[in-house]
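Peer 1: Have a look at the structure that comes next, please.
Number of protein chains: 2
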Amino acid sequence: MDTLKQRRTIRKYQQREIPADLLHELLEAACRASTVGNMQTYSIVVTRDAARKARLAPAHFNQPMVQGAPIVLTFCIDLRRFSKWCEQRKAVPGYDNFQWFVTGAIDALLAAQTFCVAAEKKGLGICYLGTTTYNPQMIVEALELPRLVFPITTVTVGWPDEQPEQVDRLPLEAIVHEEVYHDYTAADIDRLYAYKESLPENRKFVEENAKETLAQVFTDVRYTKEVSEAMSEVLWQAMKAQGF
Amino acid sequence: MDTLKQRRTIRKYQQREIPADLLHELLEAACRASTVGNMQTYSIVVTRDAARKARLAPAHFNQPMVQGAPIVLTFCIDLRRFSKWCEQRKAVPGYDNFQWFVTGAIDALLAAQTFCVAAEKKGLGICYLGTTTYNPQMIVEALELPRLVFPITTVTVGWPDEQPEQVDRLPLEAIVHEEVYHDYTAADIDRLYAYKESLPENRKFVEENAKETLAQVFTDVRYTKEVSEAMSEVLWQAMKAQGF
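Line by line, the protein sequences are chains A and B.
All the letters of the first sequence, read from the start, carry residue numbers 15 to 258 under our numbering.
All the letters of the second sequence, read from the start, carry residue numbers 15 to 258 under our numbering.
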């Protein structure tokens with residue numbers, strides 16, 4: 015429990031390899047995660063090769079973790095393996111659709127998070143790359159993902175070379191609803207975001223970006239409406255291109 | 015690591031409550047999971063009330079875990095809270111789209127799996143309900159989920175009242191690809207699925223359903239093409255109805 019509670023994302027890694035047997039053990043643990051109908055509708059692509067990391071890097075906006083980590087794992091929705099098995103067994107698969115895209119995503123993400131929990135327990139540090147769904151087509155090309163395989167998240171992993179402060183979280187009452195969803199009043203929002211808004215690093219963030227509020231840093235700088243809408247179209251088209 | 019490796023899904027629970035402070039601790043751990051931009055784009059609805067479980071049950075095809083578990087957790091994509099905060103802070107949110115539906119799903123699923131790992135560490139048993147994305151609209155109504163909130167998975171949790179055998183998994187080489195995706199040959203498929211096909215419980219499954227192959231049990235009985243396509247449309251429409 016302490017590992018879970020004390021965790022922090024690690025973006026800087028030592029120049030030190032992860033032994034193959036340790037990686038194997040972590041991946042074995044990941045594959046014990048729950049999976050729909052025991053179908054395991056996911057694949058994991060392991061990148062160790064520097065040239066391959068260099069090919070992946072632009073898809074992740076050249077965030078330094080990609081080339082700085084000893085290992086990059088791309089977790090993919092995979093309905094291909096299961097469909098191939100069906101076809102080879104006189105069965106007609108019907109998994110090239112939106113429901114199975116989402117189901118494959120669930121499977122892949124439960125495996126990814128189990129991997130991360132296990133890795134952190136072993137003293138490794140991890141960082142998720144949300145950029146995976148921004149530039150899926152570039153990842154499809156870099157990792158040669160065929161039809162019915164789709165990258166849903168990426169994890170960089172290595173031995174920590176930093177010990178950052180733990181970042182804030184919203185109070186639990188912001189996230190948890192008893193019995194039914196209790197919608198937020200204006201007063202709720204003020205109260206639940208007060209601590210986050212009060213933090214010196216967030217105040218600095220507002221100042222550096224010359225904004226009036228922290229929320230504006232998100233909407234005007236980090237994740238704008240225009241970019242989000244364009245990225246939605248990119249994601250949708252990439253999903254279609256992969257056969258879903 | 016042993017908890018992760020030895021885990022099994024638990025569908026039968028003791029008639030014994032989960033203490034509020036234990037649940038709180040597990041939810042706190044869940045909320046330490048990685049989240050995009052530290053935005054926490056998810057909510058968790060806790061169901062303890064028997065009448066509410068009865069309302070949820072049909073959405074999960076009346077699987078007995080829903081009414082049999084002391085607690086049912088519905089993990090939801092939630093862009094509502096963040097958008098409300100933005101609107102209240104002179105910022106224009108742009109999170110009502112497909113990219114953020116997927117991003118919210120990633121956030122919610124990492125939190126869900128962290129909850130499950132923590133719960134199992136404490137001796138609790140869990141079961142994921144994949145039915146959540148089959149009947150999302152029924153869950154939206156049962157839990158009164160407003161616009162920009164969407165149920166992505168459900169976990170039943172309680173003290174185990176069974177100790178089932180651990181189920182099989184594909185060999186790790188079926189899931190893991192080195193550097194690039196290595197497509198499966200016919201011989202690969204035969205080799206990778208041989209163990210699963212050889213298991214007595216799976217042979218029995220084929221026989222009981224009067225099928226020729228195990229794959230046909232999946233395609234003709236469990237997850238047919240027709241139902242999957244209909245469920246895709248249902249999921250898509252529900253996503254749209256919730257404002258994404």
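Beta carbons: idealized from backbone N, C-alpha and C, even for Gly.
Just so we're clear, the structure is a prediction, and the values are computed from it rather than from any experiment.
Cα-Cα, which of Phe112/B, Gln81/B, Lys136/B is closest to Arg62/B?
Peer 2: Considering only alpha carbons, the answer is Gln81/B.
Peer 1: Can you grab the Cα-Cα spacing for the pair Leu37/A / Thr17/B, in whole Å?
Peer 2: Straight-line Cα distance between these residues: approximately 17 Å.
Peer 1: Establish whether the CB of Met152/A and some CB of chain B are separated by less than 8 Å.
Peer 2: No - not a single Cβ of chain B is within 8 Å of the one on Met152/A.
Peer 1: Considering only their Cβ atoms, is the gap separating Asn223/B from Ser246/A smaller than 8 Å?
Peer 2: Their beta carbons are not under 8 Å apart, which means Ser246/A does not touch Asn223/B by this criterion.
Peer 1: On the three-pair Cβ rule with 8 Å, is the stretch 205-216 of chain A touching the stretch 63-83 of chain B?
Peer 2: No, the stretch 205-216 of chain A does not touch the stretch 63-83 of chain B.
Peer 1: Any idea which residues DSSP pairs Leu37/B with across the strands?
Peer 2: None; Leu37/B has no bridge partner.
Peer 1: Going by beta carbon distance, what residues of the same chain come within less than 8 Å of Asp182/B, once the five residues before and after it are set aside?
Peer 2: Only Tyr209, Lys210, Leu213 meet the Cβ criterion.
Peer 1: Just verifying my parser: in three-state terms, what is the DSSP assignment at Cys100/B?
Peer 2: Note: Cys100/B maps to helix in three-state DSSP.
Peer 1: Given this structure, state the Cα-to-Cα distance separating Pro185/A from Leu159/A, to the nearest angstrom.
Peer 2: One C-alpha to the other measures close to 40 Å.
Peer 1: May I ask you to list the residues that DSSP assigns as paired with Asp92/B?
Peer 2: Beta-bridge pairing links Asp92/B to Val163/B.
Peer 1: So with Cβ pairs under 8 Å, would you call Val86/B a contact of chain A?
Peer 2: For Val86/B, the answer is no, since every Cβ of chain A falls outside 8 Å of its Cβ.
Peer 1: Confirm, please, whether the CB-CB distance from Leu249/B to Thr147/B is below 8 Å.
Peer 2: Their beta carbons are under 8 Å apart, which means Thr147/B touches Leu249/B by this criterion.
Peer 1: Quick one, which of Phe96/A, Ala83/A, Asp35/A, Pro174/A has its alpha-carbon nearest Val163/A's?
Peer 2: When each option's Cα is compared against that of Val163/A, the closest is Phe96/A.
Peer 1: Is the beta carbon of Thr168/B less than 8 Å from the beta carbon of Leu143/B?
Peer 2: Taking 8 Å as the Cβ cut-off, Thr168/B and Leu143/B qualify as a contacting pair.
Peer 1: As a quick exercise: from Glu176/B, Pro107/B, Asp121/B, Glu193/B, pick the residue whose alpha carbon is nearest that of Ile58/A.
Peer 2: Nearest C-alpha to Ile58/A: Glu193/B.
Peer 1: Return yes when the Cβ of Thr227/A is within less than 8 Å of the Cβ of Gly108/B, no when it is not.
Peer 2: Cβ atoms of Gly108/B and Thr227/A: not closer than 8 Å.
Peer 1: Where do the N-terminal and C-terminal ends of the alpha helix (DSSP H) with Glu243/B fall, by residue?
Peer 2: Residues 239-255.
Peer 1: If you follow the beta strand (DSSP E) that Tyr56/B is part of, which residue opens it and which one closes it?
Peer 2: That run of the beta strand (DSSP E) goes 56-61.
Peer 1: Between which two residues does the alpha helix (DSSP H) harbouring Leu206/A extend?
Peer 2: Unbroken alpha helix (DSSP H) run through Leu206/A: 200-212.
Peer 1: Could you tell me the alpha carbon to alpha carbon distance between Val116/B and Val241/A, rounded to whole angstroms?
Peer 2: Cα-Cα distance, rounded: 15 Å.
Peer 1: With Val231/A as the anchor, note down where its beta strand (DSSP E) starts and where it stops.
Peer 2: Segment: none, Val231/A is in no beta strand (DSSP E) and carries neither H nor E.
Peer 1: Mind checking Pro178/B: buried by the 16 CB within 10 Å criterion, or exposed?
Peer 2: Exposed.
Peer 1: Of all the residues that make up the stretch 55-80 of chain A, which are near chain B by a beta-carbon distance shorter than 8 Å?
Peer 2: Going along the stretch 55-80 of chain A in chain order, one finds Tyr56, Ser57, Ile58, Val59, Val60, Thr61, Arg62, Asp63, Arg66 with a Cβ nearer than 8 Å to chain B.
Peer 1: For Ala43/B, go through chain A and note every residue whose CB falls closer than 7 Å to its CB, in chain order.
Peer 2: Within 7 Å Cβ-Cβ: Met15, Leu18, Lys19.
Peer 1: So what's His196/B in DSSP terms, helix, strand or just coil?
Peer 2: His196/B falls in the coil class under three-state DSSP.
Peer 1: List the residues that DSSP assigns as beta-bridge partners of Tyr142/B.
Peer 2: BP columns for Tyr142/B point to Val169/B.
Peer 1: Quick one: Cα of Thr55/B to Cα of Trp99/A, how far?
Peer 2: Approximately 36 Å, taken between the alpha carbons.
Peer 1: DSSP three-state call for Leu279/B: helix, strand or coil?
Peer 2: Lying outside 15 to 258, the shown extent of chain B, residue 279/B is not represented and no answer is given.
Peer 1: Kindly indicate the opening and closing residues of the alpha helix (DSSP H) around Glu155/B.
Peer 2: Its alpha helix (DSSP H) spans residues 150-156.
Peer 1: Note down the Cα distance separating Cys90/B from Lys225/A, rounded to an integer number of angstroms.
Peer 2: Rounded to the nearest angstrom, the two C-alpha atoms are 31 Å apart.
Peer 1: For Ser48/B, go through chain A and note every residue whose CB falls closer than 7 Å to its CB, in chain order.
Peer 2: Near Ser48/B (Cβ distances below 7 Å), the residues of chain A are Thr23, Tyr142.
Peer 1: If I'm right that Ala43/B touches Ala132/B with Cβ under 8 Å, what's the distance once you round it to whole angstroms?
Peer 2: The pair is a contact, with the Cβ atoms about 4 Å apart (cut-off 8 Å).
Peer 1: State buried or exposed for Ala255/B, treating a residue as buried only when at least 16 other CB atoms are found within 10 Å of its CB.
Peer 2: Exposed, because fewer than 16 other Cβ atoms sit within 10 Å of the Cβ of Ala255/B.
Peer 1: Just the Cα atoms here: how many angstroms apart are Lys104/A and Gln29/B?
Peer 2: Cα to Cα, Lys104/A sits roughly 45 Å from Gln29/B.
Peer 1: Are Gly51/A and Arg236/B touching if we call contact CB-CB under 8 Å?
Peer 2: Cβ distance < 8 Å, so Gly51/A and Arg236/B count as in contact.
Peer 1: Could you spell out the range, first to last residue, of the alpha helix (DSSP H) harbouring Gln177/B?
Peer 2: That residue, Gln177/B, is in no alpha helix (DSSP H); it is neither H nor E in DSSP.
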